[in-house]
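Trainee:
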Amino acid sequence: MNIRVTRQWNGPWIWGFAAAALVWLVILAISGQGGGQTVSLALSLAPYLVIVGLGQMLVISAGPGNIDVSVGSVISLAGFVSVAAASATGSAAVGILAGIGVGVLVAAVSAVAILGLSVPPIIATLAAGLVASSITLSMANGFTAVPDPGLRSALNLRPAGVPLLALAIAVLTVLVVALLRRTVYGRSLIAVGQSRRAAERAGIPVARIIGSTYLLSGALAGLTGALLAAYIAPSADLGTRYLLDSVAVVVIGGTLISGGRAVPVGVWGAALFFILLDGLVNLVGWSTAAQNLLKGGLVLFVLFLAGGGDRTSGMASLFRRRSRTATATTTSTGDDTDG
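If you use our numbering, the sequence shown corresponds to residues -16 to 322, in order.
Given below as structure tokens:
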């Protein structure tokens, strides 16, 4: 188990960055404009997708069937709540904490339904998301609060041309890597994702691990909503695109959709790829429907490749086990004959 956890960090994250670089070169060739501006814009937008993507990655890593489809609704609701709280208290920090709290609350509802009522995760998170969407629509009517100007200015800071938020989320990514590698929670999450039954037999508190993972996903989605609402503006559809995109960056970034392998750095590469891809399709005039079709196709393609790899790996493992069994049998037979 330890060997598998150590090796899983090598390799899969490279492809997202390679794809992002390729799309950047195509944009540069078509537009003929400075490539530095394109990269700077991508680094300004990618962190929001990375934050929610990291939370989705943790949930998906918990094993087959685990997914959080409430993240889009949480982002929209957290945006309104965060801006309202910051406006009422005059504190951007209170607004951010309020947004995170909303995400945790919605995730807690999902966790109770999943663990306490045995509701499938996709149904539980969908139901929680629908409730969040209803509250968002109610808040949107007559909403007059404006984002905190100080927080908006901070989100637009670019020391040495690099967005400050990108640096902050890079640090967050390192912390998530450390969480998965160095903590009992992280190792337990990977173990649960690899085999829930084996984890239970090993004494790992599976329900607690899964519940904590959904809460972390909700908190990160709430943080995304709070920051995104300050950067743009709160709206009822603020988080709509982040449901599909959060799953896509996780899969393209190298995390196994079947669980048991998390690649936080890969989320960055896939997020940059998606942001640049949006810029490319907008440049050539594609519609939003065509963009979503392209993204869905890419996810299916990656899943196909991943599935093929899993099957190949599984066959190789089966062959090795059979070879060891045959060798052991032959040795045993030889020993009996010699005796």
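Ideal Cβ positions, reconstructed from N, Cα and C, are used throughout, including at glycine.
1. How long is the line joining the alpha carbons of Gly78 and Ile118, rounded to whole angstroms?
2. Can Ile199 and Leu41 be called in contact, C-beta distance under 7 Å?
3. Following the continuous alpha helix (DSSP H) through Val234, name the residue where it begins and the one where it ends.
4. So Thr238 and Val230 are supposed to be a Cβ contact under 8 Å. How far apart are they, rounded?
5. Taking contact to mean 3 or more Cβ pairs, one atom from each stretch, closer than 8 Å, check whether the region -5 to 9 and the region 112 to 130 are in contact.
6. What does the alpha-carbon distance come out to for the pair Ala107 and Leu138?
7. Do you know how far the Cα of Arg184 is from the Cα of Leu226?
8. How is Val35 classed by DSSP in three states: helix, strand or coil?
9. To the nearest angstrom, report how far apart Leu140 and Ile(-3) are at their CA atoms.
10. Can you tell me whether DSSP reads Asn124 as helix, strand or coil?
11. Run through DSSP, which three-state label would Trp269 get?
12. Under 7 Å between C-beta atoms, does Trp269 make it to chain C?
13. Please name the residue, chosen from Gly249, Tyr31, Gly176, Leu277, that lies closest to Pro146 on a Cα-to-Cα basis.
14. Taking just the CA atoms, how far does Val22 sit from Ile258?
15. Helix, strand or coil for Thr(-11) per DSSP?
16. Where does Arg179 sit, in a helix, a strand or coil, going by DSSP?
17. Quick test of your reading: Val89 and Val66, contact by CB under 8 Å. State the CB separation rounded to the nearest angstrom.
18. Does Asn275 come out as helix, strand or coil in the three-state DSSP assignment?
19. So, under 8 Å CB-CB, Gly242 and Gly46 are touching, yes? Tell me the CB distance rounded to an integer number of Å.
20. Return the CA-CA distance between Gly86 and Leu276, expressed in angstroms with no decimal places.
21. Starting from the C-beta of Gln274, find all residues in its chain whose C-beta is less than 6 Å away, skip the five residues before and the five after it, and write them out in chain order.
22. In three-state terms, what does DSSP make of Val248?
23. Can you tell me whether DSSP reads Ser44 as helix, strand or coil?
24. For the alpha helix (DSSP H) containing Val85, list its first residue and its last residue.
25. Less than 7 Å separating the beta-carbons of Ile192 and Val175?
26. Given Thr72, which residues of its chain have a CB within under 8 Å of its CB, disregarding the five upstream and five downstream residues?
27. Is the distance from the Cβ of Leu109 to the Cβ of Val54 below 7 Å?
Mentor: In this structure, then:
1. Between the alpha carbons of Gly78 and Ile118 lies a distance of about 17 Å.
2. Looking at the sequence shown, residue 199 is not Ile but Leu. Closer than 7 Å, so yes.
3. Counting along the chain, Val234 sits inside the alpha helix (DSSP H) bounded by residues 225 to 235.
4. Incorrect: roughly 10 Å between the Cβ atoms, too far for contact.
5. Fewer than three beta-carbon pairs drawn from the region -5 to 9 and the region 112 to 130 are found closer than 8 Å, and the two stretches are therefore not classed as touching.
6. Rounded to the nearest angstrom, the gap between the Cα atoms of Ala107 and Leu138 is 33 Å.
7. Per the coordinates, the alpha-carbon of Leu226 lies some 34 Å from the alpha-carbon of Arg184.
8. Val35 sits in a helix when the DSSP states are folded into three classes.
9. One C-alpha to the other measures close to 28 Å.
10. Judged by DSSP in its simplified three-state form, Asn124 adopts coil rather than helix or strand.
11. Coil, per DSSP.
12. This model lacks chain C altogether; it includes just one protein chain.
13. When each option's Cα is compared against that of Pro146, the closest is Tyr31.
14. Between Ile258 and Val22, the C-alpha separation is close to 10 Å.
15. Below a pLDDT of 50, predicted positions are generally treated as unreliable, and Thr(-11), at 39, falls in that range; the measurement from the model is reported next regardless. In the structure shown, Thr(-11) falls within a helical segment according to DSSP collapsed to helix, strand and coil.
16. The answer is helix: DSSP assigns Arg179 an H, G or I state.
17. Contact between Val89 and Val66 is absent: CB atoms are separated by about 17 Å, not below the 8 Å threshold.
18. In the three-state scheme derived from DSSP, where H, G and I count as helix and E and B as strand, Asn275 is classed as helix.
19. Indeed they touch by this definition, with Cβ atoms about 4 Å apart.
20. Looking at the backbone, the Cα of Gly86 and that of Leu276 are separated by about 28 Å.
21. Closer than 6 Å at Cβ, skipping near neighbours: Val264.
22. Helix.
23. Here DSSP, grouped into helix, strand and coil, assigns Ser44 to coil.
24. Taken as a continuous stretch (DSSP letters only), the alpha helix (DSSP H) holding Val85 covers 75 to 94.
25. Yes; because the gap between Cβ atoms is below 7 Å, this pair is in contact.
26. Closer than 8 Å at the Cβ level, and outside the excluded window around Thr72, lie Gly78.
27. The answer is no: Cβ separation not under 7 Å.
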